[in-house]
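Visitor:
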Amino acid sequence: SVQEIAVNPEVPVIVQLRSCIVAGTQSICEWAPQGVEAGYYYGLVRNDSAGPNGTQLTGLGLQGVIASSGETIKPPPQALCRLRVPTLNVRSGPGLEFDIIAKIRGTETEPGSVVVTAVDGAASWMKVTERVARDGWVTSDPEYILCEGDLTALPVIGLPVAEATEAPAEATPEATEAPVAEAAPPVVDTPAPVETEAAPAAEEAAPVAVEEAAPATDETAPTEESTPTPETPQVPEGLARIVVNNPFDQQIRFTLDQRYRPERENLSGEWDLMPGDAVAILVYPGTVAFSVSTPWRGLSDNAEFVIAEKEERDLWIWFVPDPVEKDRWNLQF
841 SVQEIAVNPE VPVIVQLRSC IVAGTQSICE WAPQGVEAGY YYGLVRNDSA GPNGTQLTGL
901 GLQGVIASSG ETIKPPPQAL CRLRVPTLNV RSGPGLEFDI IAKIRGTETE PGSVVVTAVD
961 GAASWMKVTE RVARDGWVTS DPEYILCEGD LTALPVIGLP VAEATEAPAE ATPEATEAPV
1021 AEAAPPVVDT PAPVETEAAP AAEEAAPVAV EEAAPATDET APTEESTPTP ETPQVPEGLA
1081 RIVVNNPFDQ QIRFTLDQRY RPERENLSGE WDLMPGDAVA ILVYPGTVAF SVSTPWRGLS
1141 DNAEFVIAEK EERDLWIWFV PDPVEKDRWN LQF
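Going by this note's numbering, the residue at position 329 of the sequence shown is 1169; the numbering climbs one at a time, nothing skipped.
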């Protein structure tokens, strides 16, 4: 059957579509938005694929079938990709020198997934759908993401004009400055001080940027030598700064409630830090409460500290075995 819906062509139209993961007789579903254009007929398409640990992934999508002129619409080529890492950066262009504009995250039971619609000239970066981020790109390195279907069938898109002079950076990350902070995970004795409060998105980059920077480990040292670390800006009036460091040999998640910090970009208030990572966060002076968790052994704990206005403090966070209670680990900072 065909159902027509009256919409305002001047206002974006969003449709909520359901996707589920099914294991035996149990299923978990979520709703995700998809944009549509006025004046088109769309078909509801069901996509089934194998999920992790013997599960089945079922999702619904909309495909344009007929335009308002009566012309049949050919579905654009696309491919479904799944992450091989917990989190993957989405950048504003096909290269490490572009800003991080979003992140794709998986869960403990289900890897993250993304639909890609194009590749760059070197096929080393893939463009994601606007559902993830407008003009967003992710790496195509199979060490971090695997795709179904023929990627060679996707259209090839060149670099944006504003960054055209940086084209060699796709194959030679050492020519750029942005990867410096993201190269920190492979070099655990090198923190990521280049993250500042002026760019909250970059504060999240260090824990996950290893997905993009790891293949170029042989080029990391020259990059760090040729790019001096900028001085950390002064703490603004009425605020304080903490630098959270992970000396632990496992990944940790640092969580800080919004009421303790002024920035609003990171609404989740979560930072995933790999061993050796660090992130700088502006906070309000006074008592600051936080929580730390790690997928290793399922450890988690809460703590708090007091910080003065204009103060800068390093927080070194790790877990140690309880000296009395067996199989118990305590948070240290």
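Glycine is no exception: its CB is placed at the ideal position from the N, C-alpha and C atoms. None of these values were measured; they are calculated from a predicted model.
GLY1126: which of GLU1151, ARG1137, LEU1107 sits nearest, CA to CA?
Guide: GLU1151
Visitor: Here's a check: name, in chain order, each residue in its chain whose Cβ is nearer than 7 Å to the Cβ of LEU1139, leaving out the five neighbours to either side.
Guide: SER1133, PHE1159, TRP1169
Visitor: How long is the line joining the alpha carbons of ASP939 and PRO1161, rounded to whole angstroms?
Guide: 40 Å
Visitor: What do you get for CYS869, buried or exposed, if any count of 16 or more other CB atoms within 10 angstroms of its CB means buried?
Guide: exposed
Visitor: Please tell me whether ILE861 and LEU897 are closer than 8 Å, where the distance is taken between their beta carbons.
Guide: yes
Visitor: Out of SER1131, PRO926, ASP1097, VAL968, which has the shortest C-alpha to C-alpha gap to VAL1123?
Guide: Shortest Cα-Cα distance from VAL1123 to any of SER1131, PRO926, ASP1097, VAL968 involves ASP1097.
Visitor: Run the CB neighbour count on PHE1145, radius 10 Å, all protein chains shown included, and call it buried at 16 or more, exposed below.
Guide: Result: exposed.
Visitor: What is the residue span of the beta strand (DSSP E) that SER867 lies within?
Guide: 866-876
Visitor: On the three-state DSSP scale, how would you describe PRO916?
Guide: coil
Visitor: So the beta strand (DSSP E) TRP1211 belongs to, where does it begin and stop?
Guide: Nothing about residue 1211 can be reported from this structure: the residues present for the chain run from 841 to 1173 only.
Visitor: Against chain C, does CYS869 count as a neighbour if the rule is that its beta carbon must be under 8 Å from one of theirs?
Guide: Considering every chain present, this structure includes no chain C. It has just one protein chain.
Visitor: Check GLN1172 in the structure and name its three-state DSSP category.
Guide: In the displayed model, GLN1172 falls within a strand according to three-state DSSP.
Visitor: What number of angstroms, rounded off, separates the C-alpha of ILE997 from the C-alpha of PRO1135?
Guide: 38 Å
Visitor: Buried or exposed, going by whether 16 or more other CB atoms sit within 10 Å of the CB of GLN1091?
Guide: buried
Visitor: Assuming contact is defined by CB atoms lying nearer than 8 Å, are ALA919 and VAL930 in contact in what I supplied?
Guide: no
Visitor: What ranges does the alpha helix (DSSP H) occupy inside the stretch 930-985, keeping only unbroken runs of at least 4 residues that lie completely in it?
Guide: The qualifying runs do not exist here; there are none.
Visitor: Relative to the C-alpha of VAL955, which candidate in LEU923, VAL1128, GLY1109 has its C-alpha closest?
Guide: LEU923
Visitor: When burial is assigned at 16 or more other CB atoms within 10 Å of the CB, is PRO892 buried or exposed?
Guide: exposed
Visitor: In chain order, what residues of the same chain have a beta carbon less than 7 Å from the beta carbon of PHE1173, not counting five sequence neighbours either side?
Guide: Result list for PHE1173: ALA1143, LEU1155, TRP1156, ILE1157, in chain order.
Visitor: Buried or exposed: where does ASN1085 fall if 16 or more other Cβ atoms within 10 Å of its Cβ makes it buried?
Guide: buried
Visitor: If you reduce the DSSP assignment to three classes, tell me which class THR927 lands in.
Guide: Note: THR927 maps to strand in three-state DSSP.
Visitor: Just mark LEU994 as buried or exposed, buried being the case when its beta carbon has 16 or more other beta carbons within 10 Å.
Guide: buried
Visitor: Tell me, to the nearest whole angstrom, how far the beta carbon of VAL959 is from that of MET966; I am working on the premise that it is less than 8 Å.
Guide: Right, their Cβ atoms sit about 5 Å apart.
Visitor: Determine the direct distance from the alpha carbon of TYR882 to that of ALA846, and round the result to whole angstroms.
Guide: 14 Å
Visitor: For GLU1144, list the residues DSSP reports as bridge partners.
Guide: ALA1129
Visitor: On the criterion of 16 or more Cβ atoms from any shown chain inside 10 Å, does ALA890 qualify as buried, or is it exposed?
Guide: exposed
Visitor: From which residue to which residue does the beta strand (DSSP E) around VAL1084 run?
Guide: 1080-1085
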